[in-house]
Structures are given as structure tokens and as C-alpha cells.
Amino acid sequence: MLNIPTQSFPAPSSQQRISPSGQSERNKVALKPGHSLMDWIRFAKSGKDLTGLRGRLIEVTQEELQKHNSRGDCWTCIRGMVYNVTPYIDYHPGGEEELMKAAGIDATDLFDQVHRWVNYESMLKECLVGRLATKAAAAHKAATPASPTGLAPPAAVPPPSNRDPKPRFDWFQTDATVHLVVYAKRKIPSLGCTTVDLQAGVLRVEVLLGKMSFMIHLCLASPVEENVAVHSAVSVGKIQVTMHKQTKEKWKSLGQPLEFHNTFICKKDRALFYRDCVLASKAEVNHNSQLFRLHFPQGTVLQVPVGRHVFLKALIQDTDVVRPYTPVGQSLVAASHHSSQDSDLYLMIKVYPDGVFTKYLNSLRVGTLQLDRP
1 MLNIPTQSFP
11 APSSQQRISP
21 SGQSERNKVA
31 LKPGHSLMDW
41 IRFAKSGKDL
51 TGLRGRLIEV
61 TQEELQKHNS
71 RGDCWTCIRG
81 MVYNVTPYID
91 YHPGGEEELM
101 KAAGIDATDL
111 FDQVHRWVNY
121 ESMLKECLVG
131 RLATKAAAAH
141 KAATPASPTG
151 LAPPAAVPPP
161 SNRDPKPRFD
171 WFQTDATVHL
181 VVYAKRKIPS
191 LGCTTVDLQA
201 GVLRVEVLLG
211 KMSFMIHLCL
221 ASPVEENVAV
231 HSAVSVGKIQ
241 VTMHKQTKEK
251 WKSLGQPLEF
261 HNTFICKKDR
271 ALFYRDCVLA
281 SKAEVNHNSQ
291 LFRLHFPQGT
301 VLQVPVGRHV
311 FLKALIQDTD
321 VVRPYTPVGQ
331 SLVAASHHSS
341 QDSDLYLMIK
351 VYPDGVFTKY
361 LNSLRVGTLQ
371 LDRP
């Protein structure tokens, strides 16, 4: 199995760290027969009422959340959404004790420390109780009654401190090209801080600066070719994205802003973004390991720094299953497997006979996977 460097995944405080002896420090328990991940997926799809609310979604106050903190009545909150995880306790790989640490509280930080990559929204969607009420919403509850089946709008993300100045952006054009320029206002890493996705006229640029994430998200004013070039001036913190116009006309604006455009927030608060990648090739490394080569879609520029991980997502039995993997460099790949494409990613993965995701990966010949950057 690929060794994951200490600086990337899991987080330093995670219980998934590997000890010097090779044993996982995470508290694993032996689940009862019939309580695997696939068993949980089947149980969640069985049509049973797992929330006790008969399909209603409610607004949950902090006080109400705190009441549900026992083994037989366990609610928890992740990113503003409240789940009744009582039926999931026996299926939790970390055991009851670990899951009960999240009982009756906002467990977002705890969740991020251990397994941010888990697609809880898909795994627990049948357990969704509703949205956690913000203090402002609670104060205005009498003046503005909530719909019995509706959800309150999401809470605003707090702005970054003045000690971490927000980057800015500008743009310019020639007859044939359009250039977006991001000024980070600090030195930037030489590799892997900028990800660009250009699909169907929608431009998404994310710049990772330490623990912060700056995003540009636009519907471009006119059509462009999907080949994108990114150039960075590391010492001055300047990033330039170059696109080629389909027609030589003057643009009056760069485009219309979309969700989260020109935002600067903590990276952990930014939702994962997946793109469809073609499984270009698969080669056997040994009796239980495979080398997978993934090809990014045209219009995607993504470079993964050494030791960082990406997330793969696949739909397995109508449930999104997500796993983190650390890519290997082309220098570690046999010459016969080298690719001339800069947009290829290599993953060396051990295939487990009872592994939900690796067994699925190994069964693929040619197809697509969904991938998110570190």
C-alpha cells in the first residue's frame, strides 16, 4: 500500500495516523456480522424512517441538539446540518465510543480532524433531521415563522482576519486572448497552489494559500477554447490564467459572477469540487497492486504537490463512496507506462478483496471517476 507522508493525510491530530510499529492508532472495532459499509447502504435504502420525523425536515436549535446525546437518541451536526446517527452507531467503523464523542454537539471540527474526506452527505442523507438554527435566526423566529418543511439559509462564513489579506484579481485582453491575473499579496508555492477548471464557458479558479482558499467563479462573457495556460511568479505572488477566444471580438466584461465568486475563506470550509476523469490505463504492479492512470478533462489544470492526496468518488449501489489516495510521480513509474500528457495522474493502489472502493476500481476497464484536489 502507498505510504502517505506525514505532512498530508491524515491531519496531525487524526486517529488515522500510522504508528512506528505499523499499527493504526485509530480505535478500530470488530463490527457485528451484517454491519459493513455495504450493509449500511442497503439498510439506509430500505425505506425505514431513520430520523423519526416521517420525512419532515426541521430547524434545530442548539438547545434541542444538546438534548439528543445518548446511545439510544444520538443527534450530531456537521457543517450546519443535523443528523440522527442513532441507527448508524452499530455500523461505525470506529465504534460506539468514537461516534458518541459527537453526540449532541456541532462535530464539524472533530469530523474534519479524523475523516474530512468521507462523503457523509451521501452516507447519512436518510438520517438528515434538518438545519442547525443560527443565533440570528433564533432571535427572529417569532417575527418570521419557519416553514414546517423548509430549511433556513446557510450561515454566513466569517471574513478572514486583517492579518491574512484577501487576494485581488484583474483581467486584460488582446484580440485573440483573455488573461485573468490573481495577486496573492504574498509569496506563493512553486507548485500546486492553483487549480483551474474551464468547462462549457464556466471558469473556476481556486488558489490555496496556507489554510485559506481564494476563488474566482465566472460564467465567461464569450466562448473560449478549453485549453488553459497558467503561469506563476512565485516571489511576487502573481498568477496569470490565459485563455484563447473563439472569435476575435472585444469583451466588455470578463463575465457574470457565480456562487462563491471572489471569496476568501478557510480551506476546510470550502466544499470539495469534483471533476470527471477518464481512467486511461491500468497496469498490474504485483499480485495485489495496480497502477491507475487518470486523465483530467480538457480545461482542467491541476498539479498535486508531492505527498498530498486527492479524493476519488464513485457511485456504488446508488451511494457516493469517497476515498483519499496519494499520487505517485511519473519518475516512480516504469518507462513503459509513461504518458506524454501533462494532465495525467498516477495512483498506485493495493486492491483488497473485501474493499468496497478498491474492488470497484479494479473492476473498471475504461470509464470515469470523480476526483477532487487536496
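95 is the number that my numbering gives to position 95 of the sequence shown; each next residue is one higher, with no gaps.
For each residue, glycine too, the CB sits at the ideal point set by N, CA and C.
Between the C-alpha atoms of residue i and residue j, what's the straight-line distance to the nearest angstrom?
i      : j      : result
Ala107 : His231 : 39 Å
His287 : Lys313 : 25 Å
Trp75  : Lys45  : 20 Å
Gly95  : Tyr88  : 10 Å
Tyr360 : Tyr183 : 42 Å
Met215 : Leu254 : 15 Å
Glu98  : Val85  : 12 Å
Lys101 : Arg71  : 11 Å
Asp49  : Asp109 : 28 Å
Val129 : Arg54  : 10 Å
His295 : Cys277 : 5 Å
Glu225 : Cys219 : 14 Å
Ala11  : Thr326 : Confidence is the limiting factor: at Ala11 the pLDDT is only 39, short of 50, which leaves the residue's position unreliable, though a coordinate-based value still follows. Rounded to the nearest angstrom, the two C-alpha atoms are 14 Å apart.
Glu63  : Asn69  : 11 Å
Leu364 : Asp175 : 44 Å
Lys268 : Pro189 : 19 Å
Pro223 : Pro257 : 16 Å
For residue i, which option in the options has the closest C-alpha, if you only look at C-alpha atoms?
i      : options                        : result
Pro93  : Ala30, Val304, Thr86           : Ala30
Leu345 : Phe111, Asn262, Val306         : Val306
His217 : Glu126, Phe169, Lys267         : Phe169
Gly80  : Leu50, Ser36, Ala133           : Ala133
Leu203 : Lys211, Asp175, His261         : His261
Arg56  : Glu126, Leu99, Thr86           : Glu126
Leu198 : Pro297, Arg293, Asp269, Leu279 : Pro297
Arg308 : Leu208, Tyr88, Gly47           : Leu208
Arg163 : Phe111, Val236, Lys211, Arg131 : Lys211
Lys282 : Gly72, Leu191, Ser190, Lys350  : Lys350
Asp39  : Val356, Gly237, Ala176, Lys67  : Val356
Leu191 : Gln66, Pro223, Gly237          : Gly237
Cys266 : Ala233, Glu206, Pro223, Gly299 : Glu206
Glu284 : Val278, Cys277, Phe292         : Phe292
Ala103 : Lys67, Leu124, Asp109, Gly130  : Lys67
Val178 : Cys193, Glu249, Pro189, Ser235 : Glu249
Gln173 : Lys245, Ile105, Ile188         : Lys245
Gly299 : Arg275, Leu315, Ile316         : Arg275
Cys193 : Ala176, Thr51, Val234          : Val234
Leu124 : Glu63, Pro223, Leu37           : Leu37
Arg131 : Val82, Ala176, Asp73, Ile105   : Val82
Leu65  : Pro189, Arg365, Gly201, Ile105 : Ile105
Between residue i and the rest of its own chain, which residues show a CB-CB distance below 7 Å, the 5 nearest in sequence each way excluded?
i      : result
Pro165 : Lys185
Asn362 : Gln290, Val351
Ser343 : His295, Phe296, Thr300
Lys187 : Val234, Ser235, Gly237
Gly52  : Asn84
Gly201 : Cys219, Leu220, Pro223
Note down, in chain order, each residue of its chain lying with its Cβ closer than 6 Å to the Cβ of residue i, except the 5 sequence neighbours on either side.
i      : result
Val181 : Asp170, Gln240
Val328 : Tyr346, Met348
Arg270 : Ser213
Pro324 : Phe9, Trp117, His309, Phe311
Ile316 : Tyr360
Are the CB atoms of residue i and residue j nearer to each other than 9 Å?
i      : j      : result
Val228 : Thr247 : no
Asp318 : Ile41  : yes
Val301 : Thr195 : yes
Tyr91  : His35  : yes
Ile422 : Phe111 : Look at the range of the chain in this structure, 1 to 374, and you will see that residue 422 is not part of it.
Ser122 : Val321 : yes
Ala221 : Trp251 : yes
Phe264 : Pro167 : yes
From the DSSP output, in three-state form, read off residue i for me.
i      : result
Asp354 : coil
Asn288 : coil
Arg54  : coil
Phe172 : strand
Trp40  : helix
Ala156 : The predicted position of Ala156 is uncertain, since its pLDDT is 49 and thus under 50; a value taken from the coordinates is nonetheless stated next. In the structure shown, Ala156 sits in coil (DSSP, three-state: anything other than H, G, I, E or B).
Val114 : helix
Pro87  : helix
Lys185 : coil
Tyr274 : coil
Leu279 : strand
Asn362 : helix
Gln317 : coil
Ser213 : strand
Can you list, in chain order, the residues of its chain whose CB lies under 8 Å from that of residue i, leaving out five sequence neighbours each side?
i      : result
Lys32  : Asp90
Glu259 : His217
Val60  : Trp75, Cys77, Val82, Val129, Gly130, Arg131, Leu132, Ala133
With a threshold of 8 Å, establish whether the CB of residue i neighbours any heavy atom of the ligand NAP.
i      : result
Val304 : You won't find the ligand NAP in this model; it holds no ligand whatsoever.
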